[in-house]
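J.:
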Amino acid sequence: GQQLNQSPQSMFIQEGEDVSMNCTSSSIFNTWLWYKQDPGEGPVLLIALYKAGELTSNGRLTAQFGITRKDSFLNISASIPSDVGIYFCAGHPRVLMNYGGSQGNLIFGKGTKLSVKP
Amino acid sequence: DAGVTQSPTHLIKTRGQHVTLRCSPISGHKSVSWYQQVLGQGPQFIFQYYEKEERGRGNFPDRFSARQFPNYSSELNVNALLLGDSALYLCASSFSGNEQFFGPGTRLTVL
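Those protein sequence lines, which keep their order, are chains S and C. One point on numbering: in the numbering used here, the residue at position 82 of the first sequence is 438, and numbering is uninterrupted. One point on numbering: in the numbering used here, the residue at position 60 of the second sequence is 62, and numbering is uninterrupted.
Right, dumping it as structure tokens:
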């Protein structure tokens, strides 16, 4: 089945540092989404991308939809302690839809765990 | 507006039992998707329902079933529970299907 390769698996940050993580796929995706999940909670949507090349910001977060439609990256600028958590990329693979409904099968990466440097 | 709600929060069952998990979507959202998340992994797609019809199914056995009600709430049923079914079960609702908003999940433990 389709998989998303997300890297790095984990990283340690110091307050104020910039953070980058990325996601790649072996197939084309229609949509890329970035989520953050805190322990014991559901994922929270951070940014949604719909077009190849699209660059979107949400506060200190910036994400891009790769030109090839097979990758995406997320940057966090000037990190703060509350940025700690697990970040997931997710996407809708390109499929033909023959009904006027919605495509609900998001494919997720394995996550990038952000921790604070001791 | 209230977000996606799920019940129960936690559940402990024994092997072979049956479980029903419930989800209420965000008001106005007609699509509900179910995901299974095991520890250390990203969520895995189980089902999608749109306008009360199944629109997508992931690679899960027939022991897993779901339905959506006229008010767009949904239930996920799992029969003949196995130890490997222990996971966080997430419900997500969406208006158009692209942006999915997740509930807090139901933590299922199978002993």
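The beta carbon of each residue, even a glycine, is placed where N, CA and C say it ideally should be. From a predicted model like this one, the values you see are computed outputs, not experimental measurements.
Residues of chain C with CB under 7 Å from Thr380 of chain S, in chain order?
T.: Ordered by position in chain C, no residue passes the 7 Å Cβ test against Thr380 of chain S, which lies about 14 Å from the chain.
J.: For the ligand NAD, is there a heavy atom less than 7 Å away from the beta-carbon of Leu13 of chain C?
T.: Of ligands this structure carries none, so the ligand NAD is not represented either.
J.: May I ask you to list, following chain order, the residues of the segment 391-416 of chain S that have a beta carbon less than 9 Å from some beta carbon of chain C?
T.: Tyr391, Gln393, Gly396, Glu397, Gly398, Pro399, Val400, Leu401, Ala404 and Tyr406
J.: Using the beta-carbon of each residue, which ones in chain C are nearer than 7 Å to Asn461 of chain S?
T.: Going along chain C in sequence order, the residues near Asn461 of chain S (Cβ under 7 Å) are Phe47, Gln50, Gly58 and Gly60.
J.: So who's on the other strand from Asn81 of chain C, going by DSSP bridges?
T.: Beta-bridge pairing links Asn81 of chain C to no other residue.
J.: Starting from Phe421 of chain S and walking both ways along the beta strand (DSSP E), at which residues does that stretch end?
T.: Residues Leu417 to Phe421.
J.: Using a Cβ-Cβ cutoff of less than 6 Å, which residues in the same chain neighbour Phe368 of chain S once the five nearest sequence positions on both sides are dropped?
T.: The residues are Ser471 and Lys473.
J.: Please report the residue range of the beta strand (DSSP E) in which Gly396 of chain S lies.
T.: Annotation for Gly396 of chain S: no beta strand (DSSP E) segment contains it, and DSSP assigns it neither H nor E.
J.: Enumerate in chain order the residues of its own chain whose CB-to-CB distance from Ser98 of chain C is below 6 Å, with the five nearest sequence positions on each side excluded.
T.: none
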